[in-house]
Amino acid sequence: MLDLPATLARLAALDPAGWGTGLSADNARAGWAAAVGDLDPAALLAHVSGTAPRAVLVICSGNVFTAPLPWLLHFAARGVPTIVKPASGQEAAVRAMATAIGGIDMRVWRGTDATADDLAAEAAALAEVDGVLAFGGAPAMQAIRARLPEGVVWLPFGPRFGVGVVSALTHAPLVEAAATDFALYDGHGCMSPAAYFARAIDLSALADAMADAEARWPRGEIDPADAAQTRARILLARAAGRKIVGSGWAVVELPLDHFSPVALPRVLVVHPFTDVQKVRAAVAPWRDRLGTVATDLPGLFLGAPRMCAPGRMQHPVCGRFHDGVDVLGALWRQRALRPDGTA
C-alpha cells in the first residue's frame, strides 16, 4: 500500500518550474504549493464502500497542471491501478507526479488528430479499466465517449468558470483575496474567476493588489487568442466602464450586462451591483457551467456545486466530489452520495 506521508513529502519537494506549464516559475511554484498543501490525508485514506474498480484511466487537460494530483493519490492510496494520459505539453508534470507517487502507468497518445496507432493505444487503455475520469473540452469528451466500451463508468468534466460575489472590494483582505484568485494559474482552469461582483469598488486598491500579485507571481505565456480578448475587454471598459492597465495585468470595471463567463490571464473584471437578483440574472444563461462561487455574503446561492471564501477559489477540497459529482462513489459502483453526504 501507499506510504502516504513519504509520498506527500516527495511531492512537496518537487519543483514545477521546469515542467513547461506555461506559467512563470513563481506562479507554477505557488500553484504546486497550494495543490500539495490542500491534500488531506484523512480524505485520501477514508474508507469507500462498494466494489473497487479493476483500474481507472485519468485523462488530463492542459489548462491546470495540478488537476490530476488528488485523483492519482485517491486511487493509489486505495490500491487501484491507474493509467494516466497527460495533455499535450504536460508530459513532464504528469511524469513527475506519477514517479513521486509510484505505480502510476503514464501513457501518451494523441486525442485529437489521432492516428491509427493513437486510437489503438486509447482502445487498449479503455479495455483495461472500469472507469474513466476525463478532463477537457466538449469536442474531446464527445470523441472519447463515442469510443467508450460498454459498462465502463464515464466521468467527464468539461469547461467551467467561477465568480466572486462580495460585499466590497475596497480594502484588505478582500482586495488581496480577489487578486490572488485572478493571479494563480493566470486565469486558466474551471475554478478561475471570470469576474467578481461587488457592492462597493476601489479600482485603485484593486490595481495595487494586482501589481503586487504580478511582482510575486509574474504572468506566464499568453496565447494570441487570449491577448486579443484582453485587448477587446480593455477597449470595452474604455467605452462603457473604467480601467487601470499595468504591466502584465489589468483591472476592468464594467456594468452587469457586460458579464462574460470567460476568464482572461491577469484581467481582474469587476461588476458593481446593488441587488443579488441581478447578479443571478447576469450569470443565469451559463449557470450549467458555473463551478465555483467565492463569497462573503451569508446565504448566497447561485447554483454552483462549490462555494468558498474569497482567495480560496484555487483551493478545492480534497474529497470524493468534483463539480458536485461523487467520483469515488461512482467508480466504486455503490449508490453515490449527495454533496451533503446523504445517500
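Residue numbers for the sequence shown follow numbering that gives the first Met the number 0, so the first one is 0 and each next one is one higher. Ideal placement from N, C-alpha and C gives every residue a C-beta, glycine not left out.
Contacts around residue i, its chain only, beta-carbon distance under 6 Å, and the 5 residues preceding and following it disregarded
i       : result
Gly-110 : Ala-139
Ile-58  : Lys-84, Ala-133
Leu-147 : Trp-153
Presumed contact (8 Å Cβ cut-off) between residue i and residue j, rounded CB distance
i       : j       : result
Leu-296 : Arg-279 : That belief does not hold up - the Cβ atoms of Leu-296 and Arg-279 are roughly 12 Å apart, past 8 Å.
Asp-180 : Pro-309 : 7 Å
Val-162 : Ala-193 : 6 Å
Ala-231 : Pro-254 : Wrong, their Cβ atoms sit about 16 Å apart, outside the cutoff.
Thr-241 : Glu-252 : Rather than Thr, the amino acid found at residue 241 in this sequence is Arg. So it is a contact: roughly 4 Å between Cβ atoms.
Proximity winner among the options, relative to residue i (alpha-carbon distances)
i       : options                            : result
Ser-60  : Pro-172, Gly-88, Ala-226           : Gly-88
Asp-201 : Arg-265, Ala-210, Ala-212, Val-269 : Val-269
Leu-3   : Ala-122, Asp-39, Val-244, Gly-19   : Asp-39
Ala-95  : Thr-6, Ala-76, Val-151, Ala-113    : Thr-6
Met-190 : Val-292, Ala-24, Asp-325, Leu-205  : Val-292
Trp-216 : Leu-10, Thr-65, Ile-58, Trp-31     : Trp-31
Trp-331 : Gly-290, Trp-108, His-46           : His-46
Leu-56  : Gly-130, Ile-143, Gly-36           : Gly-130
Asn-62  : His-187, Phe-160, Ala-224          : His-187
Leu-263 : Glu-220, Ala-51, Ala-41, Ala-171   : Glu-220
Asp-37  : Ala-145, Trp-18, Thr-65            : Thr-65
Trp-285 : Val-244, Cys-307, Thr-229, Pro-260 : Pro-260
Ala-142 : Glu-127, Phe-160, Glu-121          : Glu-121
Glu-127 : Ile-82, Thr-229, Arg-319, Ala-176  : Ile-82
Ala-214 : Gly-49, Ala-178, Cys-307, Pro-223  : Ala-178
Asp-225 : Ala-206, Asp-116, Thr-273, Gly-247 : Gly-247
Ala-208 : Ala-145, Leu-327, Phe-272, His-170 : His-170
Collapsed DSSP secondary structure at residue i in the structure displayed
i       : result
Glu-149 : coil
Gly-130 : strand
Glu-252 : strand
Pro-260 : coil
Gln-13  : Here residue 13 turns out to be Leu, not Gln, going by the sequence shown. The answer is coil: DSSP assigns Leu-13 none of H, G, I, E or B.
Gly-186 : helix
Phe-344 : Past the edges of the chain, shown from 0 to 342, lies residue 344, and the structure says nothing about it.
Arg-332 : coil
Arg-241 : strand
Gln-200 : Gln is not the amino acid found at residue 200; the sequence shown has Ile there. Strand at Ile-200.
Leu-267 : strand
Pro-172 : coil
Leu-154 : strand
Chain-order list of residues whose beta-carbon lies under 7 Å from that of residue i (same chain, five-residue window excluded)
i       : result
Gly-102 : Ala-75
Ile-100 : Thr-6, Leu-71, Leu-72, Ala-75
Pro-158 : Gly-136, Cys-189, Arg-288
Own chain partners of residue i with C-beta closer than 8 Å, once the 5 adjacent residues on each side are dropped
i       : result
Val-275 : Val-164, Leu-296, Leu-299
His-257 : Leu-235, Ala-239, Gly-240, His-270
field: Within the segment 35–109, ranges of the alpha helix (DSSP H) (whole runs, at least 4 residues)
entry: 40–44, 68–76, 90–100
Mind listing, in chain order, the continuous beta strand (DSSP E) runs of no fewer than 3 residues lying wholly within the segment 288–319? 289–294, 305–307
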